[in-house]
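These notes concern the structure reproduced below.
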Amino acid sequence: MLRKTLIRQILTYGRECWPILQKDGNKLRIFERRMLRMIYGPVNDNGTWRTRCTNELCTLYDGLHIVNVIKIRRLRWLVQLFRMQQLDSCRKLTLLKPDDSRRIGELKLKCLKSVEEDLKNMGVRNWKSK
Numbered sequence: 010m011l012r013k014t015l016i017r018q019i020l021t022y023g024r025e026c027w028p029i030l031q032k033d034g035n036k037l038r039i040f041e042r043r044m045l046r047m048i049y050g051p052v053n054d055n056g057t058w059r060t061r062c063t064n065e066l067c068t069l070y071d072g073l074h075i076v077n078v079i080k081i082r083r084l085r086w087l088v089q090l091f092r093m094q095q096l097d098s099c100r101k102l103t104l105l106k107p108d109d110s111r112r113i114g115e116l117k118l119k120c121l122k123s124v125e126e127d128l129k130n131m132g133v134r135n136w137k138s139k
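Below, the structure written as structure tokens:
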């Protein structure tokens, strides 16, 4: 319960607007497993203590993993975005299509592109049409 109310909220705050790169997803998964190991504690096998394996953590914890939670929240944000009026500034800025050049250090993958990739992986097509 502590994990869902505190840790998950801190990790997912504002992540709806960020693209999740592969390395970011891996770091979030590693952190989540580390927290689950702390919460569930070690196992006593015949008098010796050992840390729990990833498979054991998956059987103990049956909820959604942090990356999936972030993807669901991004899809909710996308629905809210398309329900906004055409002249809303938040919608304008999110759907803005600047020129193809980007500054040094700017992310190659934008939030909207990463959400479109998630939808494509789920098999959702023609999501923009009514």
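Using our numbering, the letters of the sequence shown map in sequence onto residues 10 to 139. Ideal Cβ positions, reconstructed from N, Cα and C, are used throughout, including at glycine.
- Counting every other CB atom within 10 Å of its CB across the protein chains shown gives Ile19 a total below 16, marking it as exposed.
- When rounded, the separation of the alpha-carbon atoms in Arg83 and Gly23 is 10 Å.
- Just so you know, the alpha carbons of Lys122 and Val133 end up roughly 14 Å apart.
- Relative to Gln89, the option among Asn55, Thr14, Glu25 and Thr21 whose CA is nearest is Glu25.
- The beta carbon of Leu87 sits closer than 7 Å to the beta carbons of Val124 from its chain, once the five residues preceding and following it are set aside; these are given in chain order.
- The residue from Lys36, Arg100, Asn130 and Cys62 with its alpha-carbon nearest to that of Val76 is Lys36.
- As the crow flies, the alpha-carbon of Ile16 is around 12 Å from that of Met47.
- Asp54 is bridged by DSSP to Thr57.
- Closest option to Cys67, judged by alpha-carbon separation, among Arg92, Thr57 and Arg38: Arg38.
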